[in-house]
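One structure is given below, encoded as structure tokens.
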Amino acid sequence: MKSSRNVFCLLFFHAALALERIRWCTVSEKELSKCNGMSKAFSEAGILPPLECTAGGSAANCTQMIKDDLADAVTLDSRLIFQAGREHGLKPVVGEVYDQEIGTAYYAVAVVKKSSNITINSLKGVRSCHTGINRTAGWDVPVGYLTDTGHLAAMGCDLPKAVSEYFNASCIPGANGVNYPKSLCQLCKGDSEGQNKCEQNYQEQYYDYSGAFRCLAENAGEVAFVKHSTVSEYTDGRSLSSWARWLRSQDFQLLCRDGRRADVTEWRSCHLARVPAQAVVVRPDTDGTVLFQLLNQGQQRFNGVGAKFQMFDSAVYGAQNLLFRDATTELVAITAQNYQAWLGDEYLRAMQALSCNPNTMPESLNWCVVSTEEIWKCGEMAVAFRKKNLKPAIQCISAKTKEECMELIQKKESDAVVLGGADIYTAGKTYGLVPAAGESYSANDSSNAYYAVVLVKRNPSNAFTISDLRGKKSCHTGLGRNAGWNIPIGILIKRGIIKNRDCNIPQAVSEFFSASCVPSAEQDNYPAKLCQLCIGDESGNNKCSASSQERYYSYSGAFRCLVEDSGDVAFVKHSTVFENTDGRNTASWAQKLKSSDFQLLCPNGARAEVTQFANCHLAQVPAQAVMVHPDVNVFALYGLLDRAQVYFGNSSNGNGFKMFDSSTFQGKDLIFKDSAVQIVPVEERRTYAEWLGSEYIDSLEGMQTPQCSGAGKKITQYSLMATILPLLVLCQIQGLD
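For reference, each letter of the sequence shown is one residue, going -18 to -1, 1 to 719 in mature numbering (1 follows the signal peptide of the UniProt record, and there is no 0).
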């Protein structure tokens, strides 16, 4: 009864898809021979639908034939699955299983000696051992991972050159052609007579998994890129080879993605990428159920001792791994039939980084700028880059506003623009742009940003919290500034602490606090309470102006407002208290201040010491980012800027152009911020939301609550930024901090 039900199901799917046969594409003559043997065996066993074999000659030909409906199926490895999925939309439907421990995958790992102090973050400058050029565990995964995470920057998408500059020396068997840098073969050993050095075969003693590990064991290299089982296979007496006889697995460790090191047995949690098994791929409109049922019946009949045909053995045909890998123990149906899910995030990201191909890279990159001064600087930058032969070349595109740049990039009429916080939000949410690189403002600051905090005096008798701010007196750096206005007010509105009932944010703030100093708020239609605490200059003039003439203006001014008890709370950035206390500010009002006399108010209702800003803040203010269309190769762009800053990043460089200095062009913060010290990779923050962070986005969205989206006129009259940010609901978001 069970077999008849299976036949019915098979016939049902067969009829539904009108598949009268399955045409299997083979990549070699020997594979065609085995395929014909499998077809005959299936036919004699009554396994349907009929299997026909067709000669493709190569995997690339087969994927094209399947796309063109000249064939139906082919087995591919992980690298080819990526290419077939991305280029032809093919999907994996049946996967191979190799053993019960790891199933349909193995793991690519980085191995070091336990005695070394190397981590994944300190690989630059070490000596490296690889299984071979374009091999999965030895090249694709480590080079893809290092490129994807920004450790390795490939100017012009020249990955071999980038690798040669990243590692001190390497052995990468097969990288011995005229187009490869010599250092990629420098550590290779050759055969016993020193011949055949760096050949991609076993004449090179450092070839393959065993060879790369031997390269490490013999101290030729300091890190080996192999698979998870390599160390156990060649240590603890498991190998009879003289070089491996006395090796102990406990003398080696794995490098983890998060910077840790782990024992070699912990490869499940400490690896560079999980590498998926081979899989059978088909066209996207083909239901893989028919194919799996065919192969499943086949493996039940022809995967055991005594069967006249062996699906997972190729010895009879004088080769290995024909149709399926000989190590396959079982074929399984793939549930999520798309190549991204089968490959997995770690491997997919590595392969996407490897797709940075010099042959497909555009000759030029169109950079969007928005002012006469920026056009001037951009032109000089393009000339400077060209003189150093940096690629791709820069071409400058002019637009009237940042948002016009976003539109041009969305339409692929431009490629890149540097944007700040609120503009990044608009670029990502409205125009679909993504970050390709970011700025860093301190050589020792890996966060590339600062924190907006709520600062108060330490007062045990009146230790109010963030929930008790109503009726307090507030000190702000200035209207429209990030740390002093946009973020605190946006978050307080978002959390419902400040009620913005009439879509009039200044009025809502004036009703929430009993009095404030918000420099720049003294103008028509602004509530007088927003300037009530301001003191102006020494003569009492220029009260509430957005300049140093108002003594409570900017970070130090807002802090002074708190210090002198004009206000109860100051909205500043995390470094403000340290810059103005403990003798660092010699002004009379700050001379005797101690940082320990102040505390932070945390969003969770607690108080914290001022040193705990990383865990007690309103939001982390993001750095500027280079935003691009998703189709722009971010690795090529970062590779260009990373190389450029070697020549032009230092303000005292002698190359005639300074990336982070606008004074020559009679402006400030042109293209890049003048305070930037470095261009950094985006790493894991690949979308606008990941770059900005949820806290900062909350503050933006608090300033543009949905019910107020139609209140354009009311918002416009309070905005100082309308000419910069055309979206009226974003008028008060564009920060000056």
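Just so you know, even glycine gets a beta-carbon here, dropped at the ideal spot from N, CA and C.
query: Identify, in the order they occur along the chain, each residue of the same chain with its Cβ nearer than 7 Å to the Cβ of R667, setting aside the five sequence neighbours on each side.; result: P417 and W673
query: Comparing alpha-carbon positions, which option in A497, Y508 and Q505 lies nearest C516?; result: A497
query: Compute the distance between the beta-carbons of C543 and C526, then report whether it is under 8 Å.; result: no
query: Rounded to whole angstroms, what is the Cα-Cα separation between N615 and Y413?; result: 17 Å
query: For A558, does the three-state DSSP call read helix, strand or coil?; result: The sequence shown places Thr at residue 558, rather than the Ala named in the question. In this structure, T558 counts as helix in the three-state DSSP scheme.
query: Rounded to a whole number of angstroms, what is the C-alpha to C-alpha distance between G549 and N482?; result: 23 Å
query: Report back the beta-carbon spacing between K373 and M137 to the nearest angstrom; my notes put them in contact at under 8 Å.; result: 7 Å
query: May I ask you to report which of helix, strand or coil DSSP gives I517?; result: coil
query: Assuming V76 and V262 make a contact with CB atoms under 8 Å, what is their CB distance in whole Å?; result: 4 Å
query: In this structure, what does DSSP give as the bridge partners for V91?; result: V208
query: Could you tell me which residues DSSP pairs with G77 in its beta bridges?; result: A261 and V314
query: Going along the chain, which residues of its own chain have a beta-carbon closer than 8 Å to the beta-carbon of C338, five neighbours each way excluded?; result: T129, A136, C139, L141, N615, F617, A618 and G621
query: From which residue to which residue does the beta strand (DSSP E) around F495 run?; result: Where F495 is concerned, there is no enclosing beta strand (DSSP E), given that its DSSP letter is neither H nor E.
query: Please report the straight-line C-alpha distance between C252 and A90, rounded to a whole angstrom.; result: 10 Å
query: Quick one: residues in its chain with C-beta nearer than 7 Å to the C-beta of G631, no 5 flanking neighbours on either side, listed in chain order?; result: M641, F642 and Q660
query: From the DSSP output, read off the bridge partner residues of S174.; result: In the DSSP output, where bridge partners are listed per residue, S174 has none listed.
query: Should F541 and T568 be called a contact, given that it needs their Cβ atoms to be closer than 8 Å?; result: no
query: Using 10 angstroms around the beta-carbon of Y184, count the other beta-carbons present and answer buried if the total reaches 16, otherwise exposed.; result: exposed
query: Would you report the Cα separation of E2 and L33, rounded to the nearest angstrom?; result: 9 Å
query: Evaluate N348 with the Cβ neighbour count: other Cβ atoms within 10 Å of its Cβ, from every protein chain shown; 16 or more gives buried, anything less gives exposed.; result: buried
query: Out of C7, S443, A398 and I100, point me to the one whose CA is closest to D613's CA.; result: A398
query: Near W228, which residues of its chain fall below 6 Å by C-beta distance, leaving aside the five closest residues on each side in sequence?; result: none
query: Can you give me the C-alpha to C-alpha distance between Y189 and T113, rounded to a whole angstrom?; result: 5 Å
query: Going by DSSP, name the residue or residues bridged to A421.; result: At residue 421 the sequence reads Glu, which differs from the Ala that was named. Bridge partners of E421: I661.
query: Checking 8 Å against the spacing of the C-beta atoms, do G403 and P604 come in under that value?; result: yes
query: Based on DSSP bridge pairs, tell me the residues matched to K455.; result: A497
query: Considering only their Cβ atoms, is the gap separating G361 from C387 smaller than 8 Å?; result: no
query: Put C338 into one of helix, strand or coil per three-state DSSP.; result: coil
query: Do you know offhand how far E532's Cα is from S353's?; result: 30 Å
query: Use the C-beta contact count for A510: other C-beta atoms within 10 angstroms, 16 or more gives buried, fewer gives exposed.; result: exposed
query: Please report how far the alpha carbon of V123 lies from the alpha carbon of S174, in whole angstroms.; result: 30 Å
query: Quick test of the definition: if touching needs 3 or more C-beta pairs under 8 Å, does the region 94 to 109 touch the region 292 to 307?; result: no
query: Return helix, strand or coil for E385, following the three-state DSSP convention.; result: helix
query: Between which two residues does the beta strand (DSSP E) harbouring Y432 extend?; result: Y432 to K439
query: How would you write the range of the alpha helix (DSSP H) that M609 sits in, first residue to last?; result: Taken as a continuous stretch (DSSP letters only), M609 belongs to no alpha helix (DSSP H), being part of the beta strand (DSSP E) at A607 to V610.
query: Whose C-alpha, out of V264, N99 and R117, is nearest the C-alpha of A55?; result: V264
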